[in-house]
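Going down the list, the sequences are from chains S and R. Under the numbering used here, the first residue of the first sequence is numbered 107, with each subsequent residue one higher. Under the numbering used here, the first residue of the second sequence is numbered 107, with each subsequent residue one higher. Shown next, in structure tokens, is the structure this report addresses.
There are 2 protein chains.
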Amino acid sequence: MVTMEEATRLADLFRLLGDPTRARLLYALLEAGEMCVHDLAAEVEVTDTAVSHALRLLRTAEIVSTRRAGRMIYYRLADAHVRMLLDLSREHLREVSDGR
Amino acid sequence: MVTMEEATRLADLFRLLGDPTRARLLYALLEAGEMCVHDLAAEVEVTDTAVSHALRLLRTAEIVSTRRAGRMIYYRLADAHVRMLLDLSREHLREVSDGR
DNA sequence: TGAACATGTGAATACCTATTCAGATGTTTT
DNA sequence: AAAACATCTGAATAGGTATTCACATGTTCA
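If you want it as structure tokens, here you go:
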């Protein structure tokens with residue numbers, strides 16, 4: 107069973123993935139493994155500031171984690187569950203798309 | 107690789123799951139298999155109208171599908187991918203919660 | 001120490017969206 | 001046909017949020 111509180115937290119999780127910028131950031135990380143803010147901004151084609159705001163939300167929710175190296179901060183997906191979630195979703199979408 | 111268009115569609119998918127009402131509806135369906143609008147409204151504790159609006163979004167996105175039986179319309183999760191996605195997410199959340 | 005670089009922060013705006021209300025559609029029952 | 005029921009629809013409002021701008025923080029290198 108899923109309690110109301112649990113449903114709220116699940117919705118919170120999904121809502122974080124439910125933004126094009128954040129989704130692109132996460133899939134970029136899924137592919138690359140690790141990236142710094144500036145490179146993520148270039149890849150996703152938004153400003154550094156927007157990326158920073160987006161990453162903060164993902165960091166707070168423990169969807170991504172960080173590693174500092176000099177003045178750069180490298181971001182990566184937090185754990186295997188997140189990777190599986192992104193992977194499964196992408197697969198789902200591609201199979202659904204096939205049927206068109 | 108994930109194209110920009112694909113990322114947009116993935117975000118669209120996640121955004122639909124990223125609302126407490128819709129999340130509760132989906133997890134109710136994951137458990138029960140099939141439910142009519144009125145029972146869903148009772149389970150999730152919102153008005154029939156709000157449920158109807160929510161279900162329309164999920165239906166349009168092919169996340170749920172329907173079956174008419176008399177004057178009632180039964181909703182169910184559209185496919186196995188959706189069920190896996192919900193299941194995996196719930197598992198993720200529960201494991202993360204353990205670490206507190 | 002100071003300049004250049006990488007990232008983070010806070011406030012403001014503009015857009016999006018969930019819910020509500022009133023009423024419409026379609027279905028069954030008598 | 002009319003009443004009762006189940007669901008849907010459209011418009012309006014209220015609340016949330018992504019982006020931008022200006023600036024702050026922290027780090028390296030000369």
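Every residue, glycine too, gets a C-beta built ideally from N, C-alpha and C.
| field | Which listed residue (R:194, R:143 and R:154) has its alpha carbon closest to that of residue 175 (chain R) | value | Nearest C-alpha to residue 175 (chain R) among R:194, R:143 and R:154: R:143.
| Own chain partners of residue 178 (chain S) with C-beta closer than 8 Å, once the 5 adjacent residues on each side are dropped | For residue 178 (chain S), where only same-chain residues beyond five positions count, the Cβ hits under 8 Å are 142, 143 and 144.
| message | Considering only the alpha carbon of each residue, which of R:182, R:157 and R:151 lies closest to residue 168 (chain R)? | response | Taking the Cα of residue 168 (chain R) as reference, the smallest distance to any Cα among R:182, R:157 and R:151 is reached at R:182.
| message | What does DSSP give as the partner residue(s) for residue 172 (chain S) in the beta ladder? | response | Paired residues: S:181.
| Beta-carbon of residue 165 (chain S) versus every beta-carbon of chain R: anything under 8 Å? | No, residue 165 (chain S) lies away from the interface with chain R (no Cβ there is under 8 Å from its Cβ).
| task | With residue 167 (chain S) as the anchor, note down where its alpha helix (DSSP H) starts and where it stops. | result | That residue, residue 167 (chain S), is in no alpha helix (DSSP H); it is neither H nor E in DSSP.
| residue 127 (chain S), buried or exposed, once every other Cβ within 10 Å from all chains shown has been counted against 16 | Flag for residue 127 (chain S) reads buried.
| request: Determine the chain R residues that contact residue 159 (chain S) at a beta-carbon separation under 7 Å, and present them in chain order. | output: For a Cβ distance threshold of 7 Å, nothing in chain R lies close to residue 159 (chain S): the least Cβ distance comes to about 16 Å.
| query | Okay, do the region 183-190 of chain S and the region 195-202 of chain R touch, 3+ Cβ pairs below 8 Å being the bar? | reply | These segments touch.
| request: Could you list the residues in the region 117-132 of chain S with a C-beta less than 8 Å from some C-beta on chain R, going in chain order? | output: Listed by position, the residues of the region 117-132 of chain S near chain R (Cβ gap below 8 Å) are 117, 118, 119, 120, 121, 122, 123, 124, 125, 126, 128, 129 and 130.
| Thinking just about the alpha-carbon of each residue, which of R:203, R:129 and R:110 is nearest to the one in residue 151 (chain S)? | Taking only the C-alpha atoms, the option nearest residue 151 (chain S) is R:110.
| message | Please state the DSSP three-state secondary structure of residue 110 (chain R). | response | Three-state result, residue 110 (chain R): helix.
| field | Candidates S:149, S:155 and S:117, of which the one nearest residue 113 (chain R) by Cα | value | If you compare the alpha carbons of S:149, S:155 and S:117 with that of residue 113 (chain R), the shortest gap goes to S:149.
| field | Per-residue contacts from residue 137 (chain R) into chain S (C-beta, under 8 Å) | value | Ordered by position in chain S, the residues that pass the 8 Å Cβ test against residue 137 (chain R) are 107 and 108.
| task | Sort out for me which residues DSSP pairs residue 141 (chain R) with in a bridge. | result | Residue pairing of residue 141 (chain R) in beta bridges, as defined by DSSP: R:181.
| message | Within 8 Å of any Cβ in chain R, is that where the Cβ of residue 162 (chain S) sits? | response | False, the Cβ-Cβ gap to chain R never drops below 8 Å.
| Cα-Cα separation, residue 156 (chain S) to residue 180 (chain R) | About 42 Å.
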